[in-house]
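**Student:**
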Amino acid sequence: MKSVLEVAVGAVVDRHGKILIAKRPDDKHQGGLWEFPGGKIEPGETQRQALDRELHEELAIDVKTATPLITIHHDYPDLSVRLKVWRIDRFEGDPHGREGQAVEWVAPTDLQNYSFPAANRPIVTALRLPPFYAILDDSTPSALFSNLKTILANGIKLIQLRLKKVTAGEAAEFIARILPLCRRHGASVLLNSAVSGIEASAIDGIHLTGKDLMALRERPDSQGWLAASCHNEAELRHAETVGVDFAVLAPVLPTATHPGARILGWQGFTALAETANIPVFGLGGLAKDDLARVREAGGQGVAGIRAFIETE
Numbered sequence: 001m002k003s004v005l006e007v008a009v010g011a012v013v014d015r016h017g018k019i020l021i022a023k024r025p026d027d028k029h030q031g032g033l034w035e036f037p038g039g040k041i042e043p044g045e046t047q048r049q050a051l052d053r054e055l056h057e058e059l060a061i062d063v064k065t066a067t068p069l070i071t072i073h074h075d076y077p078d079l080s081v082r083l084k085v086w087r088i089d090r091f092e093g094d095p096h097g098r099e100g101q102a103v104e105w106v107a108p109t110d111l112q113n114y115s116f117p118a119a120n121r122p123i124v125t126a127l128r129l130p131p132f133y134a135i136l137d138d139s140t141p142s143a144l145f146s147n148l149k150t151i152l153a154n155g156i157k158l159i160q161l162r163l164k165k166v167t168a169g170e171a172a173e174f175i176a177r178i179l180p181l182c183r184r185h186g187a188s189v190l191l192n193s194a195v196s197g198i199e200a201s202a203i204d205g206i207h208l209t210g211k212d213l214m215a216l217r218e219r220p221d222s223q224g225w226l227a228a229s230c231h232n233e234a235e236l237r238h239a240e241t242v243g244v245d246f247a248v249l250a251p252v253l254p255t256a257t258h259p260g261a262r263i264l265g266w267q268g269f270t271a272l273a274e275t276a277n278i279p280v281f282g283l284g285g286l287a288k289d290d291l292a293r294v295r296e297a298g299g300q301g302v303a304g305i306r307a308f309i310e311t312e
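Residue numbers (the UniProt record's numbering): 1 to 312.
#1: I'd like the ranges of any beta strand (DSSP E) spanning at least 3 consecutive residues and lying wholly in the stretch 161 to 222.
#2: Where do the ends of the beta strand (DSSP E) carrying residue 68 lie?
#3: Using three-state DSSP, classify residue 265 as helix, strand or coil.
#4: Go ahead and pull the three-state DSSP assignment for residue 116.
#5: Hey, would you say residue 282 sits closer than 8 Å to residue 299, going by beta carbons?
#6: Between the C-alpha atoms of residue 213 and residue 85, what's the straight-line distance to the nearest angstrom?
#7: What does DSSP give as the partner residues of residue 41 in its beta bridges?
#8: Confirm, please, whether the CB-CB distance from residue 33 to residue 141 is below 8 Å.
#9: Check for me: the beta strand (DSSP E) holding residue 91 runs from which residue to which?
#10: In terms of DSSP beta bridges, what is residue 23 paired with?
#11: For the beta strand (DSSP E) containing residue 146, list its first residue and its last residue.
#12: At 3 residues or longer, what runs of the beta strand (DSSP E) sit wholly inside the stretch 236 to 262?
#13: How far does the beta strand (DSSP E) with residue 278 in it extend, from its first residue to its last?
#14: Could you give the DSSP three-state label for residue 11: helix, strand or coil?
#15: Quick check on DSSP: helix, strand or coil for residue 159?
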């Protein structure tokens with residue numbers, strides 16, 4: 001059995017929202033690829049202590065605030081690693097390659113244009129994703145457009161269209177109407193896979209239902225986001241296997257819409273989110289104010305329906 005290398009990793013963010021990446025020396029494991037700074041957690045160190053030490057040694061900065069981003073478990077042919085990744089928005093010092101390594105500041109949307117070790121790919125995804133994921137539900141079709149405008153007014157940048165009651169023609173007409181508005185607000189739009197007859201190239205991605213996820217054997221040939229609804233460990237592991245970008249794990253807490261559903265609770269959500277190798281949003285009975293707790297549990301952010309249609 002291979003031993004596991006425990007690593008603390010920092011995604012350092014400047015005031016413009018750009019991320020610092022560094023190039024690995026050619027003579028090291030995965031040499032020549034870009035990475036997020038960090039290094040091995042030494043015996044007796046906490047994860048945070050290792051993060052602070054490594055970033056001081058590599059970049060000459062002192063970390064002031066660090067927020068958990070994602071934990072990744074990855075098996076290379078010759079090595080197994082567990083990366084504890086932190087997002088760093090406050091630091092002191094002028095970051096530079098203290099060990100002679102090349103460094104670059106890169107916008108989150110441009111990270112996908114760089115070659116990273118396989119274990120770093122979920123970090124790229126997590127940094128590209130926002131903290132909130134709104135689900136636009138058509139339980140009241142007449143309120144669809146007004147609810148969308150409220151979601152956009154609340155600054156939400158990632159939206160799923162869960163259109164299960166309207167016809168395919170009505171859905172296509174609605175999508176054509178709202179896409180220009182969403183583009184102006186910088187919001188990405190995913191379509192729930194329960195909706196058929198819509199040209200996928202017109203939107204930013206697909207959100208798979210649990211049923212459609214489990215029927216999938218490989219990732220579809222698509223350049224957009226691929227998300228999935230998960231309710232247990234089996235579905236979450238399958239989402240990872242087929243190459244889903246991120247998952248929504250539900251229900252975390254009791255909801256009025258699914259009163260008899262078996263809930264995960266914070267303990268169950270944490271157990272799954274901490275072992276997931278993809279970003280995970282929590283859904284079910286959550287509000288925007290639950291973001292900090294979701295992140296403490298290992299999640300990416302909060303997903304919701306009613307949570308984002310309340311005016312602020």
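Just so you know, even glycine gets a beta-carbon here, dropped at the ideal spot from N, CA and C.
**Tutor:** Looking at the coordinates:
#1: Fully enclosed beta strand (DSSP E) runs of 3 or longer: 188 to 192 and 205 to 208.
#2: Note, residue 68: beta strand (DSSP E), 62 to 75.
#3: Collapsing the DSSP output to three states places residue 265 in a helix.
#4: Coil at residue 116, not helix or strand.
#5: Against a cut-off of 8 Å, the Cβ pair of residue 299 and residue 282 comes out as a contact.
#6: When the Cα atoms are used, residue 213 and residue 85 turn out to be separated by approximately 27 Å.
#7: Looking at the DSSP output, residue 41 sits in no beta bridge, so it has no partner there.
#8: Taking 8 Å as the cut-off, the beta carbon of residue 141 is found no closer than this to the beta carbon of residue 33.
#9: Counted as a single uninterrupted DSSP element, the beta strand (DSSP E) harbouring residue 91 occupies residues 80 to 92.
#10: For residue 23, DSSP records a beta bridge to 34.
#11: Not the beta strand (DSSP E): residue 146 falls in the alpha helix (DSSP H), residues 144 to 153.
#12: The beta strand (DSSP E) runs lying completely inside the stretch 236 to 262 and spanning 3 residues or more are 246 to 249, given in chain order.
#13: Residue 278: not part of any beta strand (DSSP E); DSSP gives it neither H nor E.
#14: Secondary structure of residue 11 (DSSP, three-state): strand.
#15: Residue state, collapsed to three classes: strand.
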